[in-house]
Amino acid sequence: MEEAAGQAEEAGLASLLDRSQPQRYTGGFNPESWEQEFDKIPMFMKKSPAEIDPEQNPDLACLQSIIFDEDRSPEEQANTYKNEGNEYFKEKNYKKAVISYTEGLKKKCSDQDLNAVLYTNRAAAQFYLGNYRSALSDVSTARKIRPNHLKAIIRGALCHLELKNFPEAMAWCEEGLRIDSKEKKLVETRAKADRLKRAEQRDARKAKLKEKNEQSQKEVLLTAIKERNIKLFLEAFKEEDEISDGLAEMSLNGLSSDSTMGTKVYLDDNGNLNWPVLFLYPEYGQTDFISAFHEDSRFIDHIQVMFAELPPWDSERKYHPSNLELYFEDEAREEMFQLNPENTLRQVLQHQRYFVKAGTPAFLVLVKHSPFSKNYFFGKKVHRLK
Amino acid sequence: AGQAGAGAGSLCLQGGASCPSMDEEQARELLGFLRLDTRPDLKGQATGYVLGLTGSAEGRTLLAGRPDFLEALLLLTGDHSLAVVKDSYHSLINLSVAVATHRVLAKELPVLLHRLLDPGYAFADQVCTLLSNLSREEGTCCQVFQAMQEEGLGLARVVEVFCTEGYNKKAALHYLGPLLSNLTQLPETREFLLDRSRCVVQRLLPYTQYEASAVRRGGVIGTLRNCCFEYKYHEWLLGPEVDLLPFLLLPLAGPEEFPEAEMERLPVDLQYLPPDKQREKDPDIRKMLLEAVMLLTATKAGRQLVKEKGTYLVVRELHRWETEPDVQAACKKLIQVLIGDEPEPGMENLLEVKIPEDVEERLQHLDREEERQQGQQETQK
Chain E
1 MEEAAGQAEE
11 AGLASLLDRS
21 QPQRYTGGFN
31 PESWEQEFDK
41 IPMFMKKSPA
51 EIDPEQNPDL
61 ACLQSIIFDE
71 DRSPEEQANT
81 YKNEGNEYFK
91 EKNYKKAVIS
101 YTEGLKKKCS
111 DQDLNAVLYT
121 NRAAAQFYLG
131 NYRSALSDVS
141 TARKIRPNHL
151 KAIIRGALCH
161 LELKNFPEAM
171 AWCEEGLRID
181 SKEKKLVETR
191 AKADRLKRAE
201 QRDARKAKLK
211 EKNEQSQKEV
221 LLTAIKERNI
231 KLFLEAFKEE
241 DEISDGLAEM
251 SLNGLSSDST
261 MGTKVYLDDN
271 GNLNWPVLFL
281 YPEYGQTDFI
291 SAFHEDSRFI
301 DHIQVMFAEL
311 PPWDSERKYH
321 PSNLELYFED
331 EAREEMFQLN
341 PENTLRQVLQ
351 HQRYFVKAGT
361 PAFLVLVKHS
371 PFSKNYFFGK
381 KVHRLK
Chain P
1 AGQAGAGAGS
11 LCLQGGASCP
21 SMDEEQAREL
31 LGFLRLDTRP
41 DLKGQATGYV
51 LGLTGSAEGR
61 TLLAGRPDFL
71 EALLLLTGDH
81 SLAVVKDSYH
91 SLINLSVAVA
101 THRVLAKELP
111 VLLHRLLDPG
121 YAFADQVCTL
131 LSNLSREEGT
141 CCQVFQAMQE
151 EGLGLARVVE
161 VFCTEGYNKK
171 AALHYLGPLL
181 SNLTQLPETR
191 EFLLDRSRCV
201 VQRLLPYTQY
211 EASAVRRGGV
221 IGTLRNCCFE
231 YKYHEWLLGP
241 EVDLLPFLLL
251 PLAGPEEFPE
261 AEMERLPVDL
271 QYLPPDKQRE
281 KDPDIRKMLL
291 EAVMLLTATK
301 AGRQLVKEKG
311 TYLVVRELHR
321 WETEPDVQAA
331 CKKLIQVLIG
341 DEPEPGMENL
351 LEVKIPEDVE
361 ERLQHLDREE
371 ERQQGQQETQ
381 K
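Quick note, the sequences are listed as chains E and P, same order.
Here the UniProt record's numbering is used: the first residue of the first sequence is 1, the next is one more, and so on.
Here the UniProt record's numbering is used: the first residue of the second sequence is 1, the next is one more, and so on.
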């Protein structure tokens, strides 16, 4: 009877063996893609993937859910988040680090040392993201929990340094040095903050001096103009009113702010004014600009140079120096005054009815007896030279 | 070149007539009233009288030699009456100028030091002045330093308190300046202040401009001058980690405007000074500043650095403005170093040069001559 049972077993085993054909092991790595597959196994991962997709990485997703299991204590969870944040930090993935630390803080665990570290580490990540104020807020909170947390103090000092709050940076360093008087980073940072503070003070003094000099130069210029009894034209003011220095100064800037010429009257080393002057040729809608017309030079000298060759727009070839008449207009009263070309600019500017507009004296050039000039004079009172 | 020296001692001259001589019986009678359990009005009168005694040289000599009086006064600093405490302290301050009193007074150092650094102690200023006087003499200074170590109240704390505005609401503690200065007679204290791994001497630098107290300011500058005797530290002191030179030159600089090229050569702190910039008013302090800079020119490397930073410009202008003869002389000496030729090889560290005996004698003779002449000039004024 035993023999029969044994033989039956043998037969069963034999048939079992017959049925299971030697099959190839299919759970192995694919020879072509074995490296990528290797990297997907959590144990062999060299770095954490940016996203954990349960489809792609079921093992990792499973591990993650174990680690972040809500059943673990808040302290354990916070600690895990801290470690996660530190890993991201090492990889310079500061945004992710901030998120991890924040999650850790959300646990509101009772381990205050851990919380201080979470705040301090988050501050460091924020620092590298350039969010210095957020970082400062975090280290301040860290210090409220753990006043002697040296890393928080160091980070705070560095934040103030970046924000250019040099006295605060130094104060934080000194507080830290009270705890550890040889802390190298604090000694260095204090020295750096001190140097930068003193350089900043120098820059402020330099700027103040420059402003003072510019101001006094402006005053000297205005005085020179006043001394010569040259009047400046200002809109919305009656001519007889006193004009404040500030407004007068502004009017001199008139054209220079947005014009391509960008020049302004100046006082040269010999104490003479040099004006930017516009010559207008209304007949052809043309202009000439002299950037620095010395006040003691004569109109005739400039005209002879300017019209040594007839300009291209002078189609009738009539703008010879000897044919030209110079005028200035008093628009307020619709009057025109002829000026003597033998006069200097200074003499003309001192004319009772002359007002410098927008810091740039302007003069009209017309051809003697020309039909255009007759037309131009129509309706205006013209004061000619005798 | 001289030694790292102590600052001048302080006196509190107050009170009434002096009584130069006192026999043993009178002394014992007076001493009898100088007890904590004496009737308050008598106690007050007695301490007032003692203070008056200490106002004269004879009175001081009389009391300085009497340990029993000194001990009585020390005890009375613990009295309930503010007037008694004040008079006792002021008497002790006057008496402490005499080195003979130090043996007795030094016994009280632990108590005094604790009171000094107690932020609530109302008489911290008096204690400070007393300690400043005691530390003047080198021997007692050692004892003060030792007591500080033993009581765990090291230099670090003293510097910390010195740099804390409003540490003691009732005491300005300006005399911590001279105290520090006196302590730097000792090489150990200089080494602590000049510790490269810490930030100690740097914290003192802003006080070279401290307008509110010449005592504090002078004390700091004396401290810095004494530190300048340590030539091994010169390069570090002149380098960016400390940057001592601008803080020494700033009090000596005036509102002068220099052309831009020259201005940019000066240390940052001396550039573009405002038109209302004033120089240090106290001539003794000006002299100390010049001495400190002079010390920094002892080594070749230091000389180079001092020259590069435009020191000559500042000292030249100071020399033009200066009216005190001995400060003028100090200016001239410094200018000669700054624009003079480099000394021969072997002479490069002026602090280490061995002066031959006969030359030494001649120099001392010349010094005495100079002093005599200055003395004559002063009496002729």
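Don't be surprised by glycine CBs; every beta carbon is placed ideally from N, CA and C.
Beta-bridge annotation (DSSP): residue 274/E is paired with 266/E and 294/E. Judged by DSSP in its simplified three-state form, residue 143/P adopts helix.
Contact check for residue 54/P against residue 95/P passes: the beta carbons are separated by less than 7 Å. Rounded to the nearest whole angstrom, the CA to CA distance from residue 22/P to residue 30/P is 10 Å.
For the set 337/E, 322/E and 283/E, the Cα lying nearest the Cα of residue 313/E is the one of 283/E. Identification of chain P residues near residue 206/E by a Cβ-Cβ cut-off of 8 Å yields 271 and 272, ordered along the chain.
Taking 7 Å as the CB threshold, residue 159/P stays off the interface with chain E. DSSP places residue 138/E inside the alpha helix (DSSP H), whose first and last residues are 132-145.
Apart from sequence neighbours up to five positions away, the residues of its chain that approach residue 301/P with a beta-carbon distance below 6 Å are 235, ordered along the chain.
A distance of 7 Å or more separates the beta carbons of residue 73/E and residue 85/E.
In this structure residue 159/E is buried. Its beta-carbon is surrounded by 16 or more other beta-carbon atoms within 10 angstroms. A direct Cα-to-Cα measurement between residue 204/E and residue 250/P gives close to 17 Å. Under a 10 Å Cβ-count criterion, residue 62/E is classified as exposed, with fewer than 16 other Cβ atoms of the shown protein chains found around its own Cβ. Around the CB of residue 142/E, 16 or more other CB atoms lie within 10 Å, so the residue is classed as buried.
Under DSSP, residue 383/E shares a beta bridge with 337/E. Comparing alpha carbon positions, the residue from 57/P, 120/P and 47/P closest to residue 86/P is 47/P.
CA-CA distance, residue 31/E to residue 77/E, rounds to 40 Å. Counting other Cβ atoms within 10 Å of its Cβ, residue 82/P stays below 16 and is therefore classed as exposed.
In this structure, residue 248/P places its C-beta atom within 7 Å of the C-beta atom of residue 293/P. A straight-line Cα-Cα distance of about 52 Å links residue 358/E and residue 322/P. Close to residue 199/P, with beta-carbon spacing below 7 Å, are these residues of chain E in chain order: 177, 187 and 190. Here residue 306/P has 296 and 297 as same chain residues with Cβ atoms under 6 Å from its own Cβ, once five neighbours each way along the sequence are excluded. When DSSP states are grouped into helix, strand and coil, residue 168/P belongs to the strand group.
The Cβ of residue 220/P sits no closer than 7 Å to any Cβ of chain E.
Per DSSP, the beta bridge partners of residue 357/E are 233/E. As for any beta strand (DSSP E) of minimum length 3 sitting wholly inside the segment 62-101 of chain P, there is none. By the 16-neighbour rule on beta-carbons within 10 angstroms, residue 218/P is buried.
Contact annotation: residue 199/E and residue 104/P have beta-carbon atoms that are not nearer than 7 Å. Under the three-pair Cβ rule at 8 Å, the segment 223-230 of chain E counts as touching the segment 347-355 of chain E. A direct Cα-Cα distance of roughly 49 Å separates residue 78/P from residue 115/E. Assignment of residue 242/P by DSSP, reduced to helix, strand and coil, places it in the coil class.
For residue 25/E, same chain residues with a beta-carbon under 6 Å away, outside a window of 5 residues either side, do not exist.
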